[in-house]
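Participant: Sequential numbering from 1 applies to the sequence shown in this note's numbering.
Questions regarding the structure given below will be posed in turn.
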Amino acid sequence: MRHWVATIARVLIAASAVSGATASPATTARLEGVWIFEAAPANPGVTMMELDRTAAGLSGRVTTQWYGPVEMIDPVIDGTRLSFATRNINDRANPTRRWTATLGPKGITLDGRIWESHVVQAGRRGTVAERRARTFRFAALPPLTRLVPDGLSATPPMGWSSWNKFADRIDDKTVRAMADAMVSTGLRDAGYRYVNIDDGWQGARDAAGVLQPNAKFPDMKGLADYVHARGLKFGIYSSPGPRTCAGYEGSYGHVAQDAKTFASWGVDYVKYDLCSGEWFYADADTVRRSYAEMGAALRATGRSIVYSLCEYGRFDVAAWGRSVGGHLWRTTGDITDTYKTMAEIGFDRNPKFGHAGPGGWNDPDMLELGNGGMSSDEYVTHMTLWAMSAAPLMMGHDLRQTDAATRRLLENPGVIAIDQDPAGVQGRAVRSEGDTVIWSKHLADGTVALALFNRATTPTSIDLRPIDAGLNIITAIRDIWTSKDIAASRTQFAVPGHGAVLLRVRGEASRLSKSGQ
Ligand code: GLA
C-alpha cells in the first residue's frame, strides 16, 4: 500500500514538473502548517505564517505585531511557491498587495508588502505550542457611549510637544530641559502650559500587562512631578492599535489599564493616535468606538485629562469628537516645516471642519515656529492662521533655542488673546481675490480680528473693507503684530510675500448682521 502511494506521489511530482503548473501533494503539504519568524524587524513585524488546508481549500494568515493576523486572499501553491494577496491599508489605489512564500532547504522566505513596508523574512517550521503562543488575541470594542463635557479646555490648549523637533529621539533629560526652558523663556507666563511627550517613550508591558516606559524614561512619575513643580502640565501619547506610528507599544487590548497607568503618573493630557489601529478600525463606527473607549477610560480614572484625538480628520471627527470625550481633534495628516504644507493645512483643510468652540477644538497640528524651515514672514502667517482658527498652540521646536524673533511671534499677547478668545469662534475666510485672502474672527468683546494674508511670493497691498468684519463702519484699528493703534480711516495695508497683517477692529454694524459666525 505504502509503495503505491509513494509511486503515485512520484508520478504526480514528475507530471507537475513537466507541466510546471500544479504543485504536487508532497510540496503542497510541505508549505502547509506553521512558520515562525524569530526576527520581527520593522513594520509590520511578522511573527508567524499559517497555512491550512480545509475542505474549502487553502486558507491562511500572516500574523504581525502591528496589524495582528493579516488574512491571505486566494492562496495558490505553484511548485515550491505559495502566492497570495492581502488587504492593504490606507491606499485606495492599491487596495491589495501581493505576497509569496518560497520553500527552500532551511525553511521559507516570505516576501510581501503592506502599506509602506516591504517584508523579506526567513521563517522556520513552528510547533503547535508556538502557534498557540503567537496567535493574536482580538480585543472587542465596547458599545458606543456618549460622554458629557467635563469643562476642560474652555480655550484651545497651549504648550509644547516633542514630535516635530525630536521625533522619537526624546528622553527624560530633554523633557526636563523643555520644562525649564518653558519657564525661562517666558513662554509659560505667556500661556503655554502643557509639556507633552509624543511617540517614543514606551517600553514593554510587565507580566501583569502594565505598560512600562523605555530606558530613556526611568521614572515617569518623577518626570511628571518635575513638570508640575514648574507650574506646568504633563502630557503623554498612545494609540488604539497594537503599535504606535513609530512602532512602539500601543494600547490595543489594554485601554483601561493604560488610562489608569497614565493617571497614576500624573498625566494631564493624552494624545491618542490611530496608527496601526487603522487596520482594525477602518470605518466610522469602529474608529469612533475606539476613541470612545479611551475617552471613557480616561474619565473613569477620575483625573482631569485633556484628550487629543489624532485620526487625521477621518469620518467627520469634528461632529463627534466631543461626545467621545475629546477636547481637540486633528483635522489633517502631519504638518512639516514648509510653507506649502502649513498653508495647505491652515488655509484649505482645517477650515472644512466645524464644531469648534469652548471644550472642543479643530487641531491643524503642532506649530513649526522655531524649527527654521520657513521665512519669518511665513512664520507670521503660520501663527496668524492658527490664532485666527482658534487652533491649539502646541510648539514643536527646541525651546532652549528660542531666538528673540521666534519668541516675539510666540509670545505676542494680542495674538494669543485672539487664539484664546473666550467666545471660541473659529475664524474663516470672508474674501479671496487671487492670492489674497481675508479672514475674520468675531471676539467676545464685540471687536473683530481681521487677517490679511498674501499667499503670493511677492509683496502686495490689500484693502480693508468694513464689510469683511461684518461692519458698516470701522471706528478703531489695532495692528496686532506691531502692537500699535492705527488710524481708523486706513484702508490699504502692505503685506509681504507669504506674509500676513493681523488687525483687531471695532466699529458699528447698525445695518448689517454679523452673519455666519
Ligand atoms: C503620527 C502623528 C504625528 C506624531 C507621529 C508619532 O504621524 O500624526 O503627530 O504623533 O505619528 O509617531
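Even glycine gets a Cβ: it sits at the ideal position worked out from N, Cα and C.
None of the values given here were measured: they were computed from a predicted structure.
1) Just curious, the alpha helix (DSSP H) that residue 166 is in, first and last residue?
2) Beta carbon of residue 35: closer than 7 Å to some heavy atom of the ligand GLA?
3) Taking the alpha-carbon positions, what's the residue 176 to residue 442 distance?
4) Determine the DSSP secondary structure at residue 172, reduced to helix, strand or coil.
5) Checking the sheet assignment: what are the DSSP bridge partners for residue 522?
6) Express the C-alpha separation of residue 158 and residue 86 in angstroms, rounding to a whole number.
7) Is residue 469 closer than 8 Å to residue 450 when the C-beta atoms are compared?
8) The ligand GLA heavy atoms versus the CB of residue 163: any closer than 7 Å?
9) May I ask you to check if the CB of residue 269 is nearer than 7 Å to at least one heavy atom of the ligand GLA?
10) Cβ of residue 338 within 7 Å of any heavy atom in the ligand GLA?
11) Between which two residues does the alpha helix (DSSP H) holding residue 379 run?
12) Is residue 443 helix, strand or coil when you go by DSSP?
13) Relative to the C-alpha of residue 325, which candidate in 313, 308, 97 has its C-alpha closest?
14) Quick check: is any heavy atom of the ligand GLA less than 7 Å from the C-beta of residue 246?
15) Check whether the Cβ of residue 237 lies closer than 7 Å to any heavy atom of the ligand GLA, and answer yes or no.
16) Closer than 7 Å by C-beta to residue 290: which residues in its own chain qualify, once you throw out the five before and the five after it? Chain order, please.
17) Please classify residue 148: is it buried, with 16 or more other beta-carbons within 10 angstroms of its beta-carbon, or exposed?
18) Would you say residue 348 touches the ligand GLA, meaning its beta carbon is less than 7 Å from a heavy atom?
19) Starting from residue 477, trace the beta strand (DSSP E) both ways and give me its first and last residue.
20) Rounding to the nearest angstrom, what Cα-Cα distance links residue 464 and residue 319 in this structure?
21) Residue 137 and residue 253 - do their beta-carbons sit closer together than 8 Å?
22) Please work out which residues of its chain come closer than 8 Å, Cβ to Cβ, to residue 91, disregarding the five sequence neighbours upstream and downstream, and give them in chain order.
23) Report yes or no: do the region 397–417 and the region 178–192 share at least 3 C-beta pairs separated by less than 8 Å?
24) Hey, residue 328 and residue 367 are a contact pair by Cβ (cut 8 Å); roughly how many whole angstroms apart?
25) In angstroms with no decimal places, state the Cα-to-Cα distance between residue 251 and residue 197.
26) How many Å lie between residue 120 and residue 65 at the Cα?
27) Would residue 288 pass as a contact of residue 82 if the rule is Cβ separation under 8 Å?
28) Any idea if residue 340 is buried or exposed, counting beta-carbon neighbours within 10 angstroms, 16 or more meaning buried?
29) Could you please give me the residues that DSSP links to residue 448 through a beta bridge?
30) Look up residue 205 in the DSSP assignment and say whether it is helix, strand or coil.
31) Could you give the first and the last residue of the continuous beta strand (DSSP E) run that contains residue 299?
32) Going by Cα to Cα distance, which pick from 371, 53, 245, 466 is closest to residue 489?
33) Select from 503, 458, 497, 499 the residue whose C-alpha is nearest the C-alpha of residue 478.
34) Between residue 435 and the ligand GLA, is the CB less than 7 Å from at least one heavy atom?
35) According to DSSP, what are the bridge partners of residue 234?
36) Enumerate in chain order the residues of its own chain whose CB-to-CB distance from residue 448 is below 6 Å, with the five nearest sequence positions on each side excluded.
Facilitator: In this structure, then:
1) 163–166
2) no
3) 38 Å
4) Three-state result, residue 172: helix.
5) What the structure shows of the chain is the stretch from 1 to 517, and residue 522 is not part of that stretch, so it cannot be assessed.
6) 42 Å
7) yes
8) yes
9) no
10) No - the ligand GLA has no heavy atom lying nearer than 7 Å to the Cβ of residue 338.
11) 376–388
12) coil
13) Nearest option by C-alpha distance: 308.
14) yes
15) yes
16) 141, 240, 277, 281
17) Residue 148 is exposed by the Cβ-count criterion.
18) no
19) 473–479
20) So the alpha carbons of these two residues sit roughly 34 Å apart.
21) A Cβ-Cβ contact shorter than 8 Å links residue 253 with residue 137.
22) 115
23) yes
24) Residue 328 to residue 367, Cβ: 14 Å. No contact.
25) 16 Å
26) Taken atom to atom, the span from the alpha-carbon of residue 120 to that of residue 65 is near 15 Å.
27) In this structure, residue 82 does not lie closer than 8 Å to residue 288 by Cβ.
28) exposed
29) 442, 505
30) Residue 205 falls in the strand class under three-state DSSP.
31) From DSSP, residue 299 is part of no beta strand (DSSP E) but of the alpha helix (DSSP H) over 284–300.
32) 466
33) 503
34) no
35) 195
36) 440, 442, 469, 505
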